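K.L.:
The structure is given below, and queries will be raised subsequently.
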Amino acid sequence: MSARDAAGGAAAAGPRVVIVGAGIVGCALADELTARGWTDVTVLEQGPLPAPGGSTSHAPGLVFRTSPSRTLTAFARYTVEKFGSLDVDGVPCFDPVGGLELATTPARLADLHRRAGLAASWGVHGEVVSAARCKELWPLIDESAVLGGFHTPDDGLARALPAARAQLARAEGRGARFLERHTVTGIERAGGRVTGVVTDRGVFPADHVVSAAGFWGPVIGRMAGVDVPLQPLAHQYARTEPLPGLAGATAEASRPILRFQDRDLYFREHTDRLGIGSYAHRPLPVDPFAVPGYDEARAGGLRMPSSLPFTEEDWAPSWEDCRRLMPALRGSAIEEGFNGVFSFTPDGMPLLGEARTLRGFWLAEAVWVTHSAGAARAVAEWMVDGRPELDVHECDLTRFEDAQRSPAYVRDRGAQQFVEVYDVLHPLQPMEQPRPLRVSPFHARQQELGAYFLEGGGWERPHWYEANAPLAADLDLPGRDAWSALHWSPVAAAEARMTRERVALYDMTPLRRLEVTGPGALGFLHGMTTNNLRKKPGAVTYTLLLDRTGGIRSDLTVARLGPDRFQVGANSPADLDWLVRHAPDGVTVRDITSGTCCVGVWGPLARALVQPLTRDDFSHEGFGYFRAKETYVGHVPVTALRLSYVGELGWELYTSADLGLRLWDTLWEAGAEHGVIAAGRSAFNSLRLEKGYRAWGVDMTDEHDPYEAGVGFAVRLDKGDFVGREALRLRGAPRRRLTPLLLDDPGAVVLGKEPVYVDGVPAGYVTSAAYGYTVGRCVAYAWLPVLAAGTGVSVEYFGEKVGATVADEPLFDPTMSRIRC
Ligand code: FAD
Ligand code: THG
3 MSARDAAGGA
13 AAAGPRVVIV
23 GAGIVGCALA
33 DELTARGWTD
43 VTVLEQGPLP
53 APGGSTSHAP
63 GLVFRTSPSR
73 TLTAFARYTV
83 EKFGSLDVDG
93 VPCFDPVGGL
103 ELATTPARLA
113 DLHRRAGLAA
123 SWGVHGEVVS
133 AARCKELWPL
143 IDESAVLGGF
153 HTPDDGLARA
163 LPAARAQLAR
173 AEGRGARFLE
183 RHTVTGIERA
193 GGRVTGVVTD
203 RGVFPADHVV
213 SAAGFWGPVI
223 GRMAGVDVPL
233 QPLAHQYART
243 EPLPGLAGAT
253 AEASRPILRF
263 QDRDLYFREH
273 TDRLGIGSYA
283 HRPLPVDPFA
293 VPGYDEARAG
303 GLRMPSSLPF
313 TEEDWAPSWE
323 DCRRLMPALR
333 GSAIEEGFNG
343 VFSFTPDGMP
353 LLGEARTLRG
363 FWLAEAVWVT
373 HSAGAARAVA
383 EWMVDGRPEL
393 DVHECDLTRF
403 EDAQRSPAYV
413 RDRGAQQFVE
423 VYDVLHPLQP
433 MEQPRPLRVS
443 PFHARQQELG
453 AYFLEGGGWE
463 RPHWYEANAP
473 LAADLDLPGR
483 DAWSALHWSP
493 VAAAEARMTR
503 ERVALYDMTP
513 LRRLEVTGPG
523 ALGFLHGMTT
533 NNLRKKPGAV
543 TYTLLLDRTG
553 GIRSDLTVAR
563 LGPDRFQVGA
573 NSPADLDWLV
583 RHAPDGVTVR
593 DITSGTCCVG
603 VWGPLARALV
613 QPLTRDDFSH
623 EGFGYFRAKE
633 TYVGHVPVTA
643 LRLSYVGELG
653 WELYTSADLG
663 LRLWDTLWEA
673 GAEHGVIAAG
683 RSAFNSLRLE
693 KGYRAWGVDM
703 TDEHDPYEAG
713 VGFAVRLDKG
723 DFVGREALRL
733 RGAPRRRLTP
743 LLLDDPGAVV
753 LGKEPVYVDG
763 VPAGYVTSAA
773 YGYTVGRCVA
783 YAWLPVLAAG
793 TGVSVEYFGE
803 KVGATVADEP
813 LFDPTMSRIR
823 C
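3 is the number of the first residue of the sequence shown in the numbering used here; add one for each residue after it.
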């Protein structure tokens, strides 16, 4: 008899769920699942309850909601809302003391304005305040050291352990079981599904298992054969002795939680003491496999597994910084400190979702207290309803490529995330290590041309080529502020112009390619996507993957290369995951990105360049728009697709990786007489925005339907059934739209994520933006209420309001005369 049967109990509803770990995440998830009627929930915890010894047990609980990630901010907003409604014995689980981020350098002050913009975009109230106001809010600081601050009055302190207890109690009230001192030692599986969880005290059968084991995630993952790409690192937290400046305090805290990012420090009150956290020290990685569970006998209730001895030598410089910021600390000392362990992922985002390789095995890992309720709600919705309400693609555990899950990568990137946690990071800021990781076969040529590489998905991606600098010499471009000039060059403008006027080669290798084959492939893809795919081989179709509610999971190009053979141009690894999950027997879905490469040959002279290299007819009549051919270019077998994300005549040419360099050289040599150039992503992004082509994951996500996102043209409701069709039928008229804006001032630039004001009120946010070199204005797409073309709005950029006007789209070549020729 299993432990579960032995427990017996009341009839529980829903599938059998076992959650590993009763930290803040496990408790929140049990609460959210049982609230949705899944009450057969068992939470297994190796430590003693209610303080089992994980990261939650001593998290100081600062909740700053503002983040560049809209998803993380939404998670945090829900945490604040939820904890605000919870209490334990009358003590509320959230204390809205507010938040204050300080600037001591001009660059930081500018960044605080940018963060204020992010806050406005994501619905968080905050304002940039003077040094004097900072002093008023935090009397201990030396006003002369501070230039200003960002004050968010509704941020505050989460009481992490009480919040866990309150959610635990509520879940228990609905039938969940929390079993302490149960150490999970194995995950049972059969036929690609989880079937149960093994502990030192018996086996628990399960239909779903969620690892909420915090920084022990990789240990549980190994039991399930699933990579859990997180790196535990220790981080210093110390408390001062009682401070005269806080004498007489009765409340646990009354001043805002405080961040001093210029010195990688944060502060909170503990009644008459200060608690200080530091990210200033060297990364202190911890091997999760070497951290034992909680052993009360040995620990005497004090040393929890997530709390390592304080290292004085790492603390010393930070203590100096603290005393400079708060002179009152000069006469005081640290009373206690520890090095607390928690999780860092390669990109700093949580790991949520179901493993592709093991059905029913879920992760809810690398989640801060700040995001815990929101993340748990998303996972619960995902499990119960099949999808979260909120777009969580940035947290989806499938986002990492194979090359991004090696222990070495996870260790290096995790450490880097620790170092950068408070840095001012440009949206294009590339990772420094490990580089180069993935390179296309054209890499050597790109280096020769002086490519300025940035990194995405592990790929080295040229943003422009210094070799083209002479072409930029005579361009008359508006100047840029320092921020928008970072990772940008006027050479991009020249590359854009050459693409519109002559011909350019674009490395499209990182564009994800899937091969879908088998007798049922056509029916499968037709039923999974919105457009009509029942066309003869040789057709290419732009189509959408929707979820059941009609939200956009991706936009694809589907090339029918043979009766049962398709090449799909996709976006994120989640597309592969989604198609593999749904593929019936006899249909094979394979990611062929790594073994192949792609070069885009685009511009009015593209045909003149390519035609002499092939015996096939590349005329408009012989090779129409959105058609595919398998042919040869010089010595190289290629699949050619006639389409263009930059809005010019031309082809995407695909071949196997081994022949890539030969393909590039062939095109380069033939292009010499046409003045061919290599062009980078900076030009590419500008050109696609002028053309109004959406980027999935930035401009549109599964929170949006095709009509409001402006891709309704790819939906054929009359084609027969497809995923999302019924939901689309029921959708009303759009109340918001992905709206093209042109900034009024030809010299103004925004970069994305800025708030947009209509009639002076925040009404939406910019998704992507780039200077449109052909239209001579910055193009910005924004989610806004439905507005007529010509409406004036404003975009906030570093605290300044920039005028913009709703435009008609596309801004460039509405008659398609450049492409269909
Ligand atoms: P945990 O709380 O670690 O819970 C995981 C549980 O799983 C543990 O109780 C563990 O015992 C159990 N478990 C593991 N393996 C097994 C097994 N094999 N069998 C059974 N049970 C198992 N976050 C903020 O938002 N704001 C802050 O100010 C903040 N400051 C921090 C300061 C410090 C010093 C530290 C260490 C962390 C801080 N964090 C902060 C981060 C935050 O504490 C964590 O991200 C969060 O608590 C993680 O919660 P969790 O439930 O995922 O993990
Ligand atoms: N190339 C290929 N596949 C892709 C992309 C790509 N898949 C992912 C992503 N990029 C898809 N995005 C687009 C967006 C627009 C177009 C192509 C891919 C496009 N649209 C035309 C338009 O809207 O006018 C044509 C639409 C139609 O005729 O249906 O070209 O870059 N291979």
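Built from N, CA and C at the ideal position, the CB exists for glycine as well.
It should be emphasised that the depicted structure is a prediction, and the values quoted were computed from it without experimental measurement.
Measuring only from the beta carbon, is THR543 closer than 8 Å to any heavy atom that is part of the ligand THG?
P.N.:
Yes.
K.L.:
DSSP puts TYR268 in a beta bridge; with which residues?
P.N.:
ARG261 and GLY279.
K.L.:
Any idea what DSSP makes of ALA236, helix, strand or coil?
P.N.:
Reduced to three states, the DSSP call for ALA236 is strand.
K.L.:
Could you tell me the distance, in whole angstroms, from the CA atom of GLN613 to the CA atom of PHE620?
P.N.:
If I take the Cα positions, the gap works out to 6 Å.
K.L.:
Considering Cα atoms alone, identify which of ASN470, PRO472, ALA453 and ALA469 is closest to ARG463.
P.N.:
Of the listed residues, the one whose Cα sits closest to ARG463 is ALA453.
K.L.:
Between ASP387, ASP42, PHE715 and CYS136, which has its C-alpha nearest ARG257's C-alpha?
P.N.:
For the residues ASP387, ASP42, PHE715 and CYS136, the minimum Cα distance to ARG257 belongs to CYS136.
K.L.:
In three-state terms, what does DSSP make of LYS537?
P.N.:
Reduced to three states, the DSSP call for LYS537 is coil.
K.L.:
Ordered along the chain, which non-local residues of its own chain (more than five positions away) have a Cβ less than 6 Å from that of ALA523?
P.N.:
Closer than 6 Å at Cβ, skipping near neighbours: ASP566, PHE568 and VAL589.
K.L.:
How is the beta strand (DSSP E) around PRO764 delimited, first residue to last?
P.N.:
Start and end: 763-774.
K.L.:
Which one or two residues does DSSP pair with VAL20 in a beta bridge?
P.N.:
Its beta-bridge partners are THR44 and VAL211.
K.L.:
Under the rule that 16 or more other beta-carbon atoms within 10 Å means buried, what is ALA771, buried or exposed?
P.N.:
Result: buried.
K.L.:
Should PRO614 be flagged as near chain C, meaning a C-beta pair shorter than 9 Å?
P.N.:
This model lacks chain C altogether, as it is built from one protein chain only.
K.L.:
Can you determine whether any heavy atom of the ligand FAD sits closer than 8 Å to the C-beta of GLU728, and answer yes or no?
P.N.:
The answer is no for GLU728.
K.L.:
Which two residues bound the contiguous alpha helix (DSSP H) that contains PRO164?
P.N.:
Unbroken alpha helix (DSSP H) run through PRO164: 162-175.
K.L.:
From this set, VAL648, HIS272 and ILE259, which residue's C-alpha is nearest ALA498's C-alpha?
P.N.:
Cα-wise, what sits closest to ALA498 is VAL648.
K.L.:
Since ASN687 is in the beta strand (DSSP E), which residue starts that stretch and which ends it?
P.N.:
Run containing ASN687: none in the beta strand (DSSP E); it sits in the alpha helix (DSSP H), 683-693.
K.L.:
Does the contact criterion of 3 or more C-beta pairs under 8 Å hold for the segment 432-451 versus the segment 390-397?
P.N.:
In short, these stretches do not touch, since the Cβ pair count stays below three.
K.L.:
Compute the minimum distance between the beta carbon of VAL505 and the heavy atoms of the ligand FAD, and state whether it is under 8 Å.
P.N.:
Flag unset: Cβ of VAL505 not near the ligand FAD.
K.L.:
Specify the secondary structure class of MET702 as computed by DSSP and reduced to three states.
P.N.:
Three-state result, MET702: strand.
K.L.:
If I measure Cβ to Cβ from HIS127 and keep anything under 8 Å in the same chain, skipping five residues before and after, which residues do I get?
P.N.:
Taken in chain order, the residues that qualify are ALA121, THR154, PRO155 and ASP156.
K.L.:
So who's on the other strand from GLN569, going by DSSP bridges?
P.N.:
Per DSSP, GLU517 and ALA561.
K.L.:
With respect to the beta strand (DSSP E) encompassing CYS780, which residues constitute its N-terminal and C-terminal limits?
P.N.:
Segment 779-787, the beta strand (DSSP E) holding CYS780.
K.L.:
With 16 as the cutoff for other CB atoms within 10 Å, does LEU477 come out buried or exposed?
P.N.:
Result: exposed.
K.L.:
Apart from the five residues just before and just after VAL423, which ones in its own chain have a Cβ nearer than 6 Å to its Cβ?
P.N.:
TYR281, listed in sequence order.
K.L.:
If you follow the alpha helix (DSSP H) that ARG447 is part of, which residue opens it and which one closes it?
P.N.:
Looking at the DSSP string, the run of the alpha helix (DSSP H) that includes ARG447 is 445-450.
K.L.:
When you compare only the Cα positions, how much space is there between CYS397 and GLY734?
P.N.:
Approximately 29 Å between the Cα atoms of the pair.
K.L.:
Whose C-beta lies closer than 6 Å to the C-beta of LYS84 among residues of the same chain, with five residues either side of it excluded?
P.N.:
So the qualifying residues of the chain are ALA375.
K.L.:
For the alpha helix (DSSP H) that GLU315 lies in, which residues bound it at each end?
P.N.:
It spans 314-327 - the alpha helix (DSSP H) in which GLU315 sits, taken as one unbroken run.
K.L.:
I need the straight-line Cα distance from ASP42 to GLU34, nearest angstrom please.
P.N.:
Rounded to whole angstroms, ASP42 to GLU34 spans 12 Å at the Cα level.
K.L.:
Nearer than 8 Å: is that true of the beta carbon of ARG401 relative to any heavy atom of the ligand THG?
P.N.:
Incorrect: ARG401 has no Cβ contact closer than 8 Å to the ligand THG.
K.L.:
Excluding sequence positions up to five away, which residues of its chain have a Cβ less than 8 Å from the Cβ of ALA405?
P.N.:
For ALA405, where only same-chain residues beyond five positions count, the Cβ hits under 8 Å are TYR411, LEU439, ARG440 and GLY460.
K.L.:
Cβ atoms of LEU451 and GLU468: under 9 Å apart, would you say?
P.N.:
In this structure, LEU451 lies closer than 9 Å to GLU468 by Cβ.
K.L.:
Whose C-alpha, out of ARG550, GLY552 and LEU546, is nearest the C-alpha of VAL570?
P.N.:
The candidate whose alpha carbon is nearest that of VAL570 is LEU546.
K.L.:
For the segment 643-659 against the segment 493-513, do three or more pairs of beta-carbon atoms, one drawn from each stretch, fall closer than 8 Å, so that the two count as touching?
P.N.:
Yes, the segment 643-659 touches the segment 493-513.
K.L.:
Taking buried to mean at least 16 other C-beta atoms within 10 Å of its own C-beta, is PHE814 buried or exposed?
P.N.:
By the neighbour-count rule (16 or more Cβ atoms within 10 Å), PHE814 is buried.
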